[in-house]
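Numbering-wise (the UniProt record's numbering), the sequence shown opens with residue 1 and increments by one.
No residue lacks a Cβ here, since even glycine has one placed at the ideal position from N, Cα and C.
The structure appears below as structure tokens.
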Amino acid sequence: MRESEGASDAEVERRHVVAQWTREIIHTSYVAMGRPEIEAFLAKCFEDVLAACDGPLEPARQVGVRLVDVHFTNPVVVHRTLNHLASALPAHREVDQARLVDVLGAVGSGFAGALRKRTLDEQEIIKQSVLEARDAAEEALRASEARSRAVLLSSALGIAIVTLDGVIDQINPSMNRIFRLGSESLVGRTIFDLADTSWIGELSAANADLVRGEVDRYQLEIRFTEQHGSHIWTQLSASLVRDANEAPDYLVMLYEDITDRHMLQEQFRRQAVHDPLTGLPNRTQLQTSMEYALEPSAPGRRVGLCFFDLDGFKAVNDSLGHPVGDQLLRAVAQRLQALTAEFGALAARMGGDEFVVLVPDTDGAAGLIGQVEKMLAEVTRPVRIGAHELSASASVGVVERPVVGTDAESLLRDADITLYRAKQDGRAQWVLFDAALNAEARDRFRLSAALPAALEQGELFIEYEPTRLLHDGSLFAAAADIRWDHPEFGELGQESFLDLAEETGLITRLGSWALGEVCRHAARWTERFGERAPVAAMNLSHRHCRDPELVNDVQRILRETGLPAQSLALGMPESALFDHQGDPVDTVEIFAEMGIRLVVYQFGDDYTRVARLRGLPLFAVRIDGPHLDGFADPEGPDPLDEYLLGAAAGAAKLMDLPVVAGGVHDELQAERLQALGVCSAIGAFAGERVSALELEELIAEPG
Numbered sequence: 001m002r003e004s005e006g007a008s009d010a011e012v013e014r015r016h017v018v019a020q021w022t023r024e025i026i027h028t029s030y031v032a033m034g035r036p037e038i039e040a041f042l043a044k045c046f047e048d049v050l051a052a053c054d055g056p057l058e059p060a061r062q063v064g065v066r067l068v069d070v071h072f073t074n075p076v077v078v079h080r081t082l083n084h085l086a087s088a089l090p091a092h093r094e095v096d097q098a099r100l101v102d103v104l105g106a107v108g109s110g111f112a113g114a115l116r117k118r119t120l121d122e123q124e125i126i127k128q129s130v131l132e133a134r135d136a137a138e139e140a141l142r143a144s145e146a147r148s149r150a151v152l153l154s155s156a157l158g159i160a161i162v163t164l165d166g167v168i169d170q171i172n173p174s175m176n177r178i179f180r181l182g183s184e185s186l187v188g189r190t191i192f193d194l195a196d197t198s199w200i201g202e203l204s205a206a207n208a209d210l211v212r213g214e215v216d217r218y219q220l221e222i223r224f225t226e227q228h229g230s231h232i233w234t235q236l237s238a239s240l241v242r243d244a245n246e247a248p249d250y251l252v253m254l255y256e257d258i259t260d261r262h263m264l265q266e267q268f269r270r271q272a273v274h275d276p277l278t279g280l281p282n283r284t285q286l287q288t289s290m291e292y293a294l295e296p297s298a299p300g301r302r303v304g305l306c307f308f309d310l311d312g313f314k315a316v317n318d319s320l321g322h323p324v325g326d327q328l329l330r331a332v333a334q335r336l337q338a339l340t341a342e343f344g345a346l347a348a349r350m351g352g353d354e355f356v357v358l359v360p361d362t363d364g365a366a367g368l369i370g371q372v373e374k375m376l377a378e379v380t381r382p383v384r385i386g387a388h389e390l391s392a393s394a395s396v397g398v399v400e401r402p403v404v405g406t407d408a409e410s411l412l413r414d415a416d417i418t419l420y421r422a423k424q425d426g427r428a429q430w431v432l433f434d435a436a437l438n439a440e441a442r443d444r445f446r447l448s449a450a451l452p453a454a455l456e457q458g459e460l461f462i463e464y465e466p467t468r469l470l471h472d473g474s475l476f477a478a479a480a481d482i483r484w485d486h487p488e489f490g491e492l493g494q495e496s497f498l499d500l501a502e503e504t505g506l507i508t509r510l511g512s513w514a515l516g517e518v519c520r521h522a523a524r525w526t527e528r529f530g531e532r533a534p535v536a537a538m539n540l541s542h543r544h545c546r547d548p549e550l551v552n553d554v555q556r557i558l559r560e561t562g563l564p565a566q567s568l569a570l571g572m573p574e575s576a577l578f579d580h581q582g583d584p585v586d587t588v589e590i591f592a593e594m595g596i597r598l599v600v601y602q603f604g605d606d607y608t609r610v611a612r613l614r615g616l617p618l619f620a621v622r623i624d625g626p627h628l629d630g631f632a633d634p635e636g637p638d639p640l641d642e643y644l645l646g647a648a649a650g651a652a653k654l655m656d657l658p659v660v661a662g663g664v665h666d667e668l669q670a671e672r673l674q675a676l677g678v679c680s681a682i683g684a685f686a687g688e689r690v691s692a693l694e695l696e697e698l699i700a701e702p703g
């Protein structure tokens, strides 16, 4: 039977992973197992590591322990194991980089911990062997000396017999090997010669307690720098040997070379605070650096933070592929790192295409802006990646302020909001923090975050603006206006939050809710007043118009509320009536066949596209904007406004479409608009905004 028969693709792939793992490490250590037993053992280990990718890390740590238990103790084992798992795990689990580092770190930690415990157990045996040999010297001198000599010569640990004043009296060959001294002997030197200056103080204190007999042993990690500059890390285990009267006699020092283990730990520590793609510090390291930069160590100390975001980076990934995008990110990171190093700043990657530059001890906003412009120039300088020459642009939010009175959270938040303003203002530029404008932006973010809950908790409601015919003043329609009874900001109009709903994608859900409310109110008006009931009008956003479920939602709502389709008018922006090829969307025809009245709002904003509305099954057009306000001026409107509005009304008349004007304040304005061809009006002239019940009272009033 072939390997793939009777087994899933995933199982076959895991067997391949285990087989490759076995090949990579089987020759690195001697174990009393055959290849099938090794593969079964590694298969169980692989399953435990997979489980740790989306669960507790303990199974991964135990894998490292079990490798030591079965005598896979060669340092090459953990190196090859971690490299193999790093490449194999993402193919079997969806795991982000941070989690992958945690899982691999747990395996390495378990291996290192088990190996250390095993070493300590060996050290204790060696120590006991040395002690027993010395204590039994009188009874079996020759045998004791032979055993001691065997231990000293064969042990991988460095062993030194040391006098109470710290002078090395006797060593085994491993001491010279560990400290890389060749044939040069360590005898006659002190243990303090085997430690760098920074470690001597701690070593002296611990050794003094041992010599005085206050403790019987101690352990320290010691660093020693050899003459070529390489660091040697050792685990020093020191024990006190007492004479027959229990007085301190001499010391036994055991040195374990842990340089490889220490370097592995340093690698994991670096991965924890550095971005794996670009090598820049990550959020964790940035947070630590910000804490130092915000210490008020000197009067008047200032700090700057620059939040970079690459413009249009998604297009690079989508068009050229993620490998090219990754290379572009690395190129930007290298340029920022090189430039920031010149003026003592820190460049960090926040994630995606966002970078942050922390500038401690600035000399004011002007100096910081000069540095920002240099960084922007470097970022935008073309970079060649393969056959492509790319020019990245970036938007930057810049915050510069005194250290006193600020903190890391507010500094980062204000830089992020300022970046948002830079994006809104046109991109490819820097924007300096402005307290008032940022307060407005923060309020918008708060509204955006609170909007879903407001919809759930019934804080939103519908009011209506009466729409009256200009020739007789009769109530013809009611335009829906979504309101928000916000617990902090009070009552808000839809102009305060509809754009936020559009940006966040909540507009479809919000629009469906509002449409249900409007149809429910209108059904009551129709039931009570019959033909006298006004048409219920509601504008749909561009994104809501593109919702594939819009037609089904409208049909369902009309069916559930019992509202006749002809009693509903839906406003659609001109751009939403056509697809990307310029053809009318099917929704227009479907709504018209249902009997729904379609109104084009923002009519005339782009006169070059007005003609393509010709022939569509529309009911009316609506015009709004500040250019209508001049018609309320006693001296008359601006001639250009009058001409443009007259042209829009004339175009609508040629297409046999009535014109509805919004923002009509008084009778003079209404008369002038009517003279240009406007048929009906919304605004103070037609009546103030009212609730659904108040609108019923208006309908009930005698004509």
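Alpha-carbon to alpha-carbon, residue j and residue i
i           : j      : result
Phe529      : Gly662 : 26 Å
Glu221      : Val403 : 38 Å
Ala514      : Ala700 : 24 Å
Val379      : Leu328 : 10 Å
Gly14       : Glu354 : Just to set this straight, residue 14 is Arg in the shown sequence, not Gly. One C-alpha to the other measures close to 36 Å.
Ile126      : Trp21  : 34 Å
Glu122      : Ser129 : 10 Å
residue 704 : His84  : What is shown of the chain runs 1 to 703, which leaves residue 704 out entirely.
Asp434      : Leu305 : 14 Å
Ala348      : Val357 : 6 Å
Ala247      : Asn207 : 16 Å
Ile191      : Val167 : 7 Å
Ala52       : Cys45  : 11 Å
Ala480      : Leu654 : 28 Å
Gly351      : Met538 : 41 Å
Trp199      : Asp249 : 25 Å
Cut-off 8 Å between Cβ atoms - residues of its own chain near residue i, not counting five sequence neighbours on either side
i      : result
Leu684 : It is worth fixing the name first, because residue 684 is Ala in this sequence and not Leu. Once the five neighbours on either side are set aside, the close Cβ partners of Ala684 are Val664, His665, Asp666.
Ala86  : Leu100, Leu104
Arg483 : Leu460, Phe461, Ile462, Glu463, Glu491, Leu492, Gly493, Gln494
Arg546 : Ala576
Ser393 : Leu310, Asp311, Gly312, Val379, Thr380, Arg427, Ala428
Gly300 : Pro402
Same chain, Cβ closer than 6 Å to residue i, neighbours up to 5 away in sequence not counted
i      : result
Trp525 : Ala533
Pro382 : Glu389, Ser391
Any non-hydrogen atom of the ligand FMN within 6 Å of residue i CB
i      : result
Arg597 : The ligand FMN is not among the ligands present in this structure, which contains no ligands whatsoever.
Same chain, Cβ closer than 7 Å to residue i, neighbours up to 5 away in sequence not counted
i     : result
Gln97 : Pro276
Among the options, the one whose alpha carbon lies nearest that of residue i
i      : options                        : result
Asp472 : Leu251, Val431, Gly105, Ala681 : Ala681
Pro626 : Gln602, Val551, Ala647         : Gln602
Gln674 : Glu642, Glu697, Val107         : Glu642
Ala501 : Arg543, Arg177, Arg520, Leu469 : Arg543
Ala670 : Val49, Leu120, Pro637, His231  : Pro637
Arg99  : Leu613, Ala272, Asn317         : Ala272
Ala156 : Thr234, Asp656, Trp199, Leu194 : Thr234
Arg283 : His79, Arg118, Leu412          : Leu412
Ser575 : Phe461, Thr508, Gly397, Val585 : Val585
Gly615 : Gln219, Leu419, Asp583, Thr340 : Asp583
Leu368 : Ile385, Ser393, Gly397         : Gly397
Asn172 : Ala453, Ile178, Pro299, Ile159 : Ile159
Glu696 : Met538, Asp656, Leu475         : Leu475
His262 : Phe308, Arg223, Leu280         : Arg223
Pro90  : Pro56, Leu50, His71, Gly201    : Leu50
Outcome for residue i when other beta-carbon atoms lying within 10 angstroms are tallied against a minimum of 16
i      : result
Ser541 : buried
Glu5   : Below a pLDDT of 50, predicted positions are generally treated as unreliable, and Glu5, at 45, falls in that range; the measurement from the model is reported next regardless. Glu5 comes out exposed.
Gly188 : exposed
Ala522 : buried
Met175 : buried
Val316 : buried
Arg2   : Low confidence applies here, because Arg2 scores a pLDDT of 37, under 50, leaving its location unreliable; read the following figure in that light. With fewer than 16 Cβ atoms within 10 Å of its Cβ, Arg2 is classed as exposed.
Gly312 : exposed
Arg559 : exposed
Gln219 : exposed
Check your understanding: Does the segment 406–417 come close enough to the segment 289–308 to have 3 or more Cβ pairs within less than 8 Å?
Key -> yes
Practice item. Assess, as a yes-or-no matter, whether the segment 65–73 is touched by the segment 108–120 under the definition of 3 or more beta carbon pairs within less than 8 Å. Key: yes
Check your understanding: Is the number of C-beta pairs between the segment 279–288 and the segment 251–260 that are closer than 8 Å three or more?
Key -> no
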